[in-house]
Amino acid sequence: MATLTFFKFDRVIQVDDPVEGTSVTIQELVNAIRDYEDELDFLDYGHICNAFGKQDLGGGAQVGITMVLINDWRIQFESPGAPPTITVYVRGGNLVATNTFSNNPIKPSDYVTVIIAQSSSPTIITPPEDLNMLYLIESLRGKHQTLGNIWYWDPAGGLDTNDGLQPSTAVLTFAKAQTLATAGNNDIIFCLSTASGGITTVPESLTITKNNLKVRGPGYPFQIKPTLSSTVPITVTADNVEVSGLYVQPTAGGSVNGITITGDNALVKDCWINTATANGIDLSSSTRTSIQTCAIESSTSNGINIGNSVSQSIISTCIISGSGADGANLGGTSISDNIFENNLIYNNTGYGIDVGTGVTRTGVRLHHTFSGNTAGSTRDLGTGTFIESQAGGASASEIADAVWDEVISGHTTAGTTGRTLKDAKTKATLASLK
Numbered sequence: 001m002a003t004l005t006f007f008k009f010d011r012v013i014q015v016d017d018p019v020e021g022t023s024v025t026i027q028e029l030v031n032a033i034r035d036y037e038d039e040l041d042f043l044d045y046g047h048i049c050n051a052f053g054k055q056d057l058g059g060g061a062q063v064g065i066t067m068v069l070i071n072d073w074r075i076q077f078e079s080p081g082a083p084p085t086i087t088v089y090v091r092g093g094n095l096v097a098t099n100t101f102s103n104n105p106i107k108p109s110d111y112v113t114v115i116i117a118q119s120s121s122p123t124i125i126t127p128p129e130d131l132n133m134l135y136l137i138e139s140l141r142g143k144h145q146t147l148g149n150i151w152y153w154d155p156a157g158g159l160d161t162n163d164g165l166q167p168s169t170a171v172l173t174f175a176k177a178q179t180l181a182t183a184g185n186n187d188i189i190f191c192l193s194t195a196s197g198g199i200t201t202v203p204e205s206l207t208i209t210k211n212n213l214k215v216r217g218p219g220y221p222f223q224i225k226p227t228l229s230s231t232v233p234i235t236v237t238a239d240n241v242e243v244s245g246l247y248v249q250p251t252a253g254g255s256v257n258g259i260t261i262t263g264d265n266a267l268v269k270d271c272w273i274n275t276a277t278a279n280g281i282d283l284s285s286s287t288r289t290s291i292q293t294c295a296i297e298s299s300t301s302n303g304i305n306i307g308n309s310v311s312q313s314i315i316s317t318c319i320i321s322g323s324g325a326d327g328a329n330l331g332g333t334s335i336s337d338n339i340f341e342n343n344l345i346y347n348n349t350g351y352g353i354d355v356g357t358g359v360t361r362t363g364v365r366l367h368h369t370f371s372g373n374t375a376g377s378t379r380d381l382g383t384g385t386f387i388e389s390q391a392g393g394a395s396a397s398e399i400a401d402a403v404w405d406e407v408i409s410g411h412t413t414a415g416t417t418g419r420t421l422k423d424a425k426t427k428a429t430l431a432s433l434k
């Protein structure tokens with residue numbers, strides 16, 4: 001074992017009289033430092049080092065020892081005084097320092113080269129993130145891909161002091177989760193339903209203000225129900241936001257929408273909006289919003305309300321029922337090019353779909369089902385509206401009457417070429433394919 005000398009005022013631990021190949025181990029240094037710290041001469045000083053490690057990992061393996069020199073203490077090998085230069089070693093662990101010398105644990109000496117043979121503790125290596133797999137999986141979504149960071153929100157068991165990086169370290173509030181996310185980074189917040197009763201009820205509201213943020217829940221077990229009746233459960237003001245897999249229900253007694261959207265390119269998918277005290281989903285000053293596979297039930301006003309300055313929205317494969325007014329209402333200024341596809345709209349007090357005056361180029365197409373809407377299936381007061389006959393513009397008897405009227409008129413008008421039922425059927429079939 002090398003001889004060590006402590007220079008208290010210089011804060012140096014010197015390895016005396018080294019020769020070529022001299023080595024000192026971390027354990028030897030720790031033992032000598034602890035003995036020196038117990039001496040009366042040193043009691044007016046703070047600690048020289050911190051040391052940790054050597055926990056048993058089983059199978060004969062231990063965590064490597066690490067010594068951290070503090071309070072500007074350093075290790076110095078005594079200079080031989082003249083050439084040749086010798087090489088010496090510090091072995092058997094890890095030697096680091098926290099000091100004013102650029103955190104260098106070694107004090108230089110003439111004609112001495114010091115090599116610190118740092119060791120590595122047995123460690124679980126975390127593999128690098130597989131970005132190729134992430135991009136491939138997200139490409140299957142078609143839109144609103146998540147290629148940024150992932151954060152976890154657990155209203156039942158999280159803590160806002162957590163880092164939110166894993167389900168086990170989820171944060172408690174949405175406000176904290178959104179703070180962790182980066183605007184424009186396509187981050188995702190996963191909503192965890194961990195309440196013991198099976199239903200996680202969230203008394204806070206969600207105001208999404210960061211662009212490109214995705215909020216994805218597990219469906220009905222995760223319920224957004226603000227405490228105050230005057231609070232909108234979900235408000236989207238940012239662009240390129242996704243809200244999916246949530247149950248949304250305003251508190252009775254107020255007059256608020258279930259979801260209010262004023263950002264562009266929003267995606268609302270697989271949500272259940274129930275008993276909104278105003279509109280189920282309200283759009284204004286928004287373009288390219290997509291509402292897919294949502295259930296919007298028992299809204300006090302309209303199921304979906306499309307207001308001023310809304311364009312190029314698409315509402316598809318949704319169930320809209322029990323509204324106190326229209327299933328879907330388009331009314332206001334600068335409303336154009338909005339599409340409805342394959343929705344089930346029934347038992348609404350007003351129309352199934354009501355297109356207001358000044359609304360342009362609305363499309364109602366692809367196998368809509370209307371039933372029991374008190375005022376009627378559709379009303380069109382707009383300009384350039386396209387409503388497919390299957391979507392409520394004509395009943396089966398009306399279509400049949402049109403076919404027969406064409407055949408009869410072809411035979412009863414003097415000087416015209418007669419037509420057959422086959423001709424009329426062909427025309428009707430081709431028209432249905434457009």
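In terms of full-length UniProt numbering, the sequence shown is residues 1 to 434. Cβ atoms here follow ideal geometry from the backbone N, Cα and C, with glycine treated the same way. All figures in this text were calculated on a predicted structure; none of them were measured in a lab.
- In summary, S230 is exposed, with fewer than 16 beta-carbon neighbours lying within 10 Å of its beta-carbon over all protein chains present.
- Listed in chain order, the beta strand (DSSP E) elements of length 3 or more contained wholly in the region 75-128 are 86-97 and 112-118.
- In this chain, the alpha helix (DSSP H) harbouring V30 covers I26 to E37.
- Contact between the region 58-72 and the region 37-44 is absent, with fewer than three C-beta pairs closer than 8 Å.
- Just so you know, the alpha carbons of T374 and G324 end up roughly 10 Å apart.
- In this chain, the beta strand (DSSP E) harbouring K214 covers K214 to I224.
- With a contact defined as Cβ atoms closer than 8 Å, I319 and A328 miss out at about 12 Å.
- If the five residues before and after T357 are omitted, its C-beta is found closer than 6 Å to the C-beta atoms of L381, all from its own chain and listed in chain order.
- A distance below 7 Å between beta-carbons, with the five flanking residues on each side excluded, links N185 to the following residues of its chain, in chain order: G148, N149 and N212.
- Taking K225 as the centre and dropping the five residues before and after it, the same chain places the C-beta of T201 and Q249 closer than 6 Å to its C-beta, in chain order.
- Taking the C-beta atoms as reference points, F77 is found no nearer than 9 Å to V68.
- The Cβ neighbour count for Q55, taken over all protein chains shown within 10 Å, is under 16; the residue is labelled exposed.
- One Cα belongs to D35, the other to N162, and the distance between them is close to 40 Å.
- Relative to the Cα of V30, the nearest Cα in the group L43, F6, G21 and V19 belongs to F6.
- In terms of Cα proximity to N103, the closest of T113, V114, N94 and I70 is I70.
- In terms of Cβ geometry, G263 and S290 do not form a close pair [threshold 9 Å].
- Distance between V171 and Y247, taken at the CA atoms: about 20 Å.
- Across the structure, P84 and V112 are spaced so that their CA atoms are roughly 9 Å apart.
- Taking 9 Å as the cut-off, the Cβ atoms of R216 and I188 count as close.
- When secondary structure is reduced to three states using DSSP, D380 falls in the strand class.
- In this structure N279 does not touch E297 by the C-beta definition: roughly 13 Å separates them, more than the 8 Å allowed.
- If you ignore the 5 residues before and after T277, its C-beta comes within less than 6 Å of the C-beta of P250, G254, S255, V256 and T300, all in its own chain and listed in chain order.
- The three-state reading of DSSP puts Q178 in helix, counting H, G and I together.
- Take the alpha-carbon of V268 and the one of L95: they are about 55 Å apart.
- Using a 10 angstroms sphere on the CB of G376, the tally of other CB atoms stays under 16, which defines it as exposed.
- Residue pairing by DSSP places R361 in no beta bridge whatsoever.
- A252 counts as exposed, since fewer than 16 other beta carbons sit within 10 angstroms of its beta carbon.
- S313 and V236 have their C-alpha atoms roughly 15 Å apart.
- If you ignore the 5 residues before and after S334, its C-beta comes within less than 7 Å of the C-beta of N308 and S309, all in its own chain and listed in chain order.
- Looking at the DSSP output, A325 sits in no beta bridge, so it has no partner there.
- Ranking I65, T100 and Y45 by CA distance to the CA of D72 puts T100 first.
- Here I387 has V364, T378, D380 and G393 as same chain residues with Cβ atoms under 7 Å from its own Cβ, once five neighbours each way along the sequence are excluded.
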